[in-house]
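Accompanying notes for the structure given below.
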Amino acid sequence: AHEIKNPLTPIQLSAERLEMKLNGKLEPTEQAMLTKSVKTIVDQVDALKRLVNEFRDYARLPAAELLPLDLNQLVTEVLNLYEADHGSVPVLAELDPHCPRILGDAQQLRQVLHNLVQNGQDATAQAIATPKAAAATATGSKPDSALQAPAVHISTHWNPETQRVRLNVADSGGGFPPHILQRAFEPYVTTKARGTGLGLAVVKKIADEHAARIDLANRSEGAVVQGAQVSLSFAPEPTVAP
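Going by this note's numbering, the first residue of the sequence shown is number -16, and it counts up by one from there.
See the structure below:
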């Protein structure tokens, strides 16, 4: 990762320096080509940097340090970071107050939440921008349920019968294509035009470190996909006999 990143900065700086030196000295057609070419170089360098950083994080993910953890509190802390993000897809939460503590690594689970929320926001924003969604907005159509609203929904639930704490992140996007649904946790598998495909691979790796079950599914109403959801199921913190 280090050796790949080394040449990226001089590549970007050299392209920007060329544009600065030649700006205003070319004919309009050549100027437009220069501007477009420099933007392409800078954008692709940024994409490479993101890819290298995510690969580094995936490869270097340390063993989880499992300590007693209030999952609801962790979700609340993460949500506070998205409250001021007014230009993005909102993130809503429904937290079960009966959830017991789990054994978890707060830093790693915070990374899981960020990955899932950002994936959900991207998918929802992309769905909102489609012609079908725009037409529905223009005609004043409203979703049939709250979960179908353009938002990312995080929920927790304690099931005393199965003795599991469940974390669920659902979006209002286009869902997972069938061929992606079978391979979504593999590195470099993605539906995003500019995605690296490592986000869910990192989530799966962290879930395994926590001995948590992870499930991927599409939310559907009839034959219509309403979005995707990712669920993680944790065992509660073991009780110590007196």
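Yeah, the Cβ is synthetic: ideal placement off N, Cα and C, and Gly gets one too.
Since the structure is predicted, the reported quantities are computational estimates derived from the model, not experimental observations.
Check whether chain C comes within 9 Å of residue i, counting only Cβ atoms and requiring the distance to be less than that.
i: Pro73; result: Among the protein chains of the structure shown there is no chain C, as only one such chain exists.
Residues in its own chain within less than 7 Å of residue i by CB, not counting five upstream and five downstream?
i: Val35; result: Ala(-16), Ile(-13) and Lys(-12)
i: Val95; result: Val186 and Ile189
i: Glu220; result: Pro51, Pro83, Arg84, Ile85 and Leu86
To which residues does DSSP link residue i through a beta bridge?
i: Leu75; result: His136
i: Glu204; result: Val207
i: Ala64; result: The amino acid occupying residue 64 in the given sequence is Leu; Ala does not appear at that position. For Leu64, which the question treats as bridged, DSSP gives no partner whatsoever.
i: Asn142; result: Arg147
With DSSP collapsed to three states, give me the class of residue i.
i: Asp198; result: strand
i: Ala89; result: helix
i: Leu215; result: strand
i: Asn36; result: helix
i: Leu52; result: strand
i: Arg149; result: strand
i: Asn102; result: helix
i: Arg166; result: coil
i: Glu192; result: helix
i: Thr59; result: helix
i: Thr113; result: coil
Answer yes or no: do residue i and residue j have a C-beta to C-beta separation smaller than 9 Å?
i: Val213; j: Pro133; result: no
i: Val236; j: Leu54; result: Here the chain comprises residues numbered -16 to 225, so residue 236 is not present and cannot be evaluated.
i: His136; j: Val74; result: yes
i: Leu44; j: Lys188; result: yes
i: Ala195; j: Asp154; result: no
i: Leu164; j: Glu37; result: no
i: Glu2; j: Val21; result: yes
Ignore the nearest five residues each way along the sequence and tell me which others in residue i's own chain have a CB closer than 8 Å to its CB.
i: Thr222; result: none
i: Ile(-6); result: Ile24 and Val28
Excluding five sequence neighbours on each side, which residues of the same chain lie with their C-beta closer than 6 Å to the C-beta of residue i?
i: Ala42; result: none
i: Pro160; result: none
i: Phe217; result: Ile85, Val148 and Ala195
i: Gln91; result: Ala47 and Ile189
Contact between the region 3 to 22 and the region 99 to 111 (3+ Cβ pairs under 8 Å): In this structure the region 3 to 22 does not touch the region 99 to 111; the number of beta carbon pairs closer than 8 Å is below three.
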